[in-house]
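Asks: The structure's right below; bear with me while I get my questions together.
Numbering (the working numbering), first residue to last: 285 to 427.
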């Protein structure tokens, strides 16, 4: 028969009186009791985790001012399209915008906002995808 000594944590887990005490001894806290499809993390940081997010994909074929983040496909088969960004405020919202079609697609700034420190609008080439993040007040950055 082999004997394997328990670590301090192993001893604490073995001596725990209930499930809550086991979680405390193992250092997992309350996250272990949350539903897999409804996890709430407040404070702290997560490292070494790969996450996948489901985003809606919206097709745009007319001049539009964006209001919600996500993936935008700009269809220019019916003519040129201008997509105007909302005023940058530092919200962290992200847009992934792709042009599909033969006509021009322009990403327009709101007021005096900048796109990657440029005071010019951005012209998308056919098939090009541009990822933008609202980094600070008046400042969109290409990522």
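For every residue, glycine included, the Cβ atom is placed at its ideal position computed from N, Cα and C.
What is the rounded straight-line gap between the Cα of residue 404 and the Cα of residue 342?
Replies: Within the chain shown, the letter at position 120 stands for residue 404. Within the chain shown, the letter at position 58 stands for residue 342. Rounded to whole angstroms, residue 404 to residue 342 spans 25 Å at the Cα level.
Asks: Apply the 10 Å Cβ neighbour rule to residue 290 and answer buried if 16 or more other Cβ atoms are within range, or exposed otherwise.
Replies: Position 6 of the chain shown, counted from the start, is the residue given in the question as residue 290. When all chains shown are included, residue 290 counts as exposed.
Asks: First and last residue of the alpha helix (DSSP H) that includes residue 294?
Replies: Position 10 of the chain shown holds residue 294. Its alpha helix (DSSP H) spans residues 292-299.
Asks: For the beta strand (DSSP E) that contains residue 383, what are its first and last residues?
Replies: Taking the first residue of the chain shown as position 1, residue 383 is located at position 99. Per DSSP, residue 383 belongs to the beta strand (DSSP E) from 378-384.
Asks: On the premise that residue 392 lies in contact with residue 369, defined as a C-beta separation below 8 Å, what is that separation, rounded to the nearest angstrom?
Replies: In the chain shown, the residue the question calls residue 369 occupies position 85. In the chain shown, the residue the question calls residue 392 occupies position 108. Confirmed, about 7 Å.
Asks: Less than 6 Å between C-beta atoms, sequence neighbours within five positions excluded: which residues of the same chain meet that for residue 407?
Replies: Here the question's residue 407 lines up with position 123 in the chain shown. So the list reads 390, once near-sequence residues are dropped.
Asks: Residue 311 bridges to which residues according to DSSP?
Replies: Here residue 311 corresponds to residue number 27 of the chain shown, with the count starting at 1. Answer is none; residue 311 lacks a bridge partner.
Asks: Go through its chain and collect everything with a Cβ distance to residue 380's Cβ below 6 Å, but skip five positions before and after it.
Replies: Position 96 of the chain shown, counted from the first residue, corresponds to residue 380. For residue 380, where only same-chain residues beyond five positions count, the Cβ hits under 6 Å are 355 and 415.
Asks: Three-state secondary structure (DSSP) at residue 403?
Replies: Position 119 of the chain shown, counted from the start, is the residue given in the question as residue 403. Residue 403 falls in the coil class under three-state DSSP.
Asks: For residue 377 versus residue 400, is the C-beta distance shorter than 7 Å?
Replies: Locating residue 377 in the chain shown gives position 93, where the first residue counts as 1. Locating residue 400 in the chain shown gives position 116, where the first residue counts as 1. Contact flag unset, no.
Asks: If you follow the beta strand (DSSP E) that residue 416 is in, where does it begin and where does it stop?
Replies: Mapped onto the chain shown, residue 416 falls at position 132. Residues 413-420.
Asks: Thinking just about the alpha-carbon of each residue, which of 364, 331 and 340 is nearest to the one in residue 347?
Replies: Reading the chain shown from its first residue, position 63 is the one you call residue 347. The shortest C-alpha separation from residue 347 is found at 364.
Asks: To the nearest angstrom, report how far apart residue 398 and residue 350 are at their CA atoms.
Replies: If you number the chain shown from 1, residue 398 lands on position 114. If you number the chain shown from 1, residue 350 lands on position 66. So the alpha carbons of these two residues sit roughly 16 Å apart.
Asks: Here's a check: name, in chain order, each residue in its chain whose Cβ is nearer than 6 Å to the Cβ of residue 361, leaving out the five neighbours to either side.
Replies: Numbered from its first residue, the chain shown carries residue 361 at position 77. Closer than 6 Å at Cβ, skipping near neighbours: 385.
Asks: Within the continuous beta strand (DSSP E) that includes residue 354, where are the two ends?
Replies: As a working mapping, residue 354 is identified with position 70 in the chain shown. Counting along the chain, the beta strand (DSSP E) containing residue 354 begins and ends at 354-359.
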